[in-house]
Amino acid sequence: MSSELLVRETKILLTDENDALWLLPIEAKLHKLKYLTVVNGTVAMPNPEKDKDNFKLYVKYNKDAYAEIIQLLSQEVLAYVSLSLPEADKFNGHKLWQLLKAKFAGDDLTSRTTALKEFMVIEYKSFSSFMPAVRSANQKIAMSCLQLNDQVRTILMLDKLPQDFESFKTNILMYYETLPFDQVLKSLRIMLLKISSTSRRH
21 MSSELLVRET KILLTDENDA LWLLPIEAKL HKLKYLTVVN GTVAMPNPEK
71 DKDNFKLYVK YNKDAYAEII QLLSQEVLAY VSLSLPEADK FNGHKLWQLL
121 KAKFAGDDLT SRTTALKEFM VIEYKSFSSF MPAVRSANQK IAMSCLQLND
171 QVRTILMLDK LPQDFESFKT NILMYYETLP FDQVLKSLRI MLLKISSTSR
221 RH
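At position 127 of the sequence shown the residue is numbered 147 (this note's numbering), and the sequence of numbers has no breaks.
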């Protein structure tokens with residue numbers, strides 16, 4: 021299947037390749053709807069006997085979260101959920117979230133190792149392919165909670181740039197070594213846009 025994002029009515033659908041990019045908007049949406057703490061387990065299910073009102077609200081949020089998540093899954097992920105999620109967990113947003121988390125992140129060590137490997141194997145072939153690859157790998161590192169500080173990420177990323185970027189690399193390492201990684205990427209993008217604009221004028 022194409023690695024391009026599937027979009028339905030401007031909504032990003034989860035595929036086997038875009039989980040890092042999918043996570044940001046779905047978490048924001050669930051947070052806005054007050055469902056996120058239910059699906060990620062931050063809030064435990066209230067006791068139905070001692071706290072009936074909050075129990076009913078929890079059940080409602082859990083079911084509504086399921087509906088929100090399920091409509092943002094691609095066909096292949098829907099097929100996986102259909103085969104893997106027990107019938108008893110249908111309309112259970114928390115169980116669905118945990119299933120997807122296990123599929124795409126795995127256990128902590130596995131997810132951290134995978135995230136680091138993805139970052140390490142990136143090669144510079146063109147600017148248009150390099151930037152999305154770095155951003156995707158960086159998001160997966162963040163998701164896996166791997167302790168890789170901005171300075172280390174910057175050094176690893178700069179090492180992948182070709183000789184043409186030598187002055188940029190030197191400038192960053194000498195004067196901006198504490199700059200957040202996202203800001204380094206932004207600076208790199210701005211520099212490339214300037215070079216591209218200059219080339220078109222000549």
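All residues carry an ideal CB built from backbone N, CA and C; glycine is no exception. Predicted model only: the values in this text are computed from it and were never measured.
Tell me, please, which residues DSSP counts as bridged to L93.
Within the sequence shown, residue 93 is the residue found at index 73, counting from 1. L93 pairs with L34.
Close-in-space but distant-in-sequence residues of the same chain around R173 (CB under 6 Å, 5 per side omitted)
For the purposes of this step, residue 173 is identified with residue 153 of the sequence shown, where counting begins at 1. Closer than 6 Å at Cβ, skipping near neighbours: F201.
Segments assigned alpha helix (DSSP H), at least 4 residues, entirely inside the stretch 123-189:
128-140, 147-164 and 170-178
When you compare the stretch 145-161 with the stretch 112-122, are there three or more beta-carbon pairs, one atom per stretch, that lie closer than 8 Å?
no
Is it the case that the Cβ atoms of F111 and K83 are separated by a distance below 8 Å?
Position 91 of the sequence shown holds residue 111. Position 63 of the sequence shown holds residue 83. Yes, the pair counts as a contact, with Cβ atoms nearer than the cut-off.
Nearest CA to the CA of L193: which residue from L212, R209 and Q171?
Taking the first residue of the sequence shown as 1, we reach residue 193 at position 173. Ranking L212, R209 and Q171 by Cα distance to L193 puts Q171 first.
Using the C-alpha atoms, what's the distance from A135 back to D81?
Taking the first residue of the sequence shown as position 1, residue 81 is located at position 61. Taking the first residue of the sequence shown as position 1, residue 135 is located at position 115. In the sequence under discussion, the amino acid at residue 81 is Tyr, which differs from the Asp named in the question. Distance between the alpha carbons of Y81 and A135 is about 31 Å.
Please go through the same chain and pick out, in chain order, the residues whose beta-carbon is closer than 6 Å to the beta-carbon of Y78, but skip the five residues on each side of it.
Working through the sequence shown from its first residue, we reach residue 78 at position 58. If we look at Y78 and ignore the five residues flanking it on each side, its Cβ neighbours are M65 and P66.
Rounded to a whole number of angstroms, what is the C-alpha to C-alpha distance between L50 and T62?
In the sequence shown, the residue the question calls residue 50 occupies position 30. In the sequence shown, the residue the question calls residue 62 occupies position 42. Each residue's alpha carbon lies about 13 Å from the other.
Leaving out five residues on either side along the sequence, give the residues of the same chain with a beta carbon under 6 Å from the beta carbon of D179.
Taking the sequence shown and counting its residues from 1, the one referred to as residue 179 is at position 159. Cβ within range, chain order: n/a, list empty.
Does DSSP put S22 in a helix, a strand or coil?
Residue mapping note: residue 22 aligns to position 2 of the sequence shown, counting from 1. Low confidence applies to S22: its pLDDT is 44, below 50, so where it sits in the model is not reliable, and the reading given next is rough at best. Correct three-state label for S22: coil.
Run the CB neighbour count on S156, radius 10 Å, all protein chains shown included, and call it buried at 16 or more, exposed below.
The count along the sequence shown starts at 1 and reaches residue 156 at position 136. Result: buried.
Provide the residue span of the alpha helix (DSSP H) that contains E47, from first to last.
One-based indexing of the sequence shown puts residue 47 at position 27. Element bounds for E47: D39 to K52.
Could you tell me the alpha carbon to alpha carbon distance between N191 and Y144, rounded to whole angstroms?
For the purposes of this step, residue 191 is identified with residue 171 of the sequence shown, where counting begins at 1. For the purposes of this step, residue 144 is identified with residue 124 of the sequence shown, where counting begins at 1. If I take the Cα positions, the gap works out to 19 Å.
Pairing CB atoms from the stretch 31-43 with CB atoms from the stretch 88-102, are three or more of them under 8 Å?
yes
Under 8 Å, do Y55 and E107 count as touching if we go by C-beta distance?
The sequence position of residue 55 within the sequence shown is 35, counting from 1. The sequence position of residue 107 within the sequence shown is 87, counting from 1. At the C-beta level, Y55 and E107 stay beyond 8 Å of one another.
Buried or exposed for S164, please, with buried defined as at least 16 other CB atoms from any protein chain shown within 10 angstroms of its CB.
Walking along the sequence shown from the start, residue 164 turns up at place 144. By the 10 Å Cβ count, S164 comes out buried.
Name the residue from F188, Y195, Y196 and T198 whose alpha carbon lies nearest to the alpha carbon of R5.
One cannot answer for residue 5 here, as it falls past the ends of the chain, which runs 21 to 222.
Given M21, which residues of its chain have a CB within under 6 Å of its CB, disregarding the five upstream and five downstream residues?
Working through the sequence shown from its first residue, we reach residue 21 at position 1. Any reading at M21 must be qualified, since the residue scores a pLDDT of 43, below 50, and its modelled position is unreliable; no value is offered.
Taking the alpha-carbon of E138 as reference, which of Y195, F124, S146 and V154 has the nearest alpha-carbon?
Translated into the one-based positions of the sequence shown, residue 138 becomes position 118. When only C-alpha atoms are compared, the closest one is V154.
Please report the distance separating the alpha-carbon of E69 from that of Q159.
Within the sequence shown, the letter at position 49 stands for residue 69. Within the sequence shown, the letter at position 139 stands for residue 159. Distance between the alpha carbons of E69 and Q159: 42 Å.
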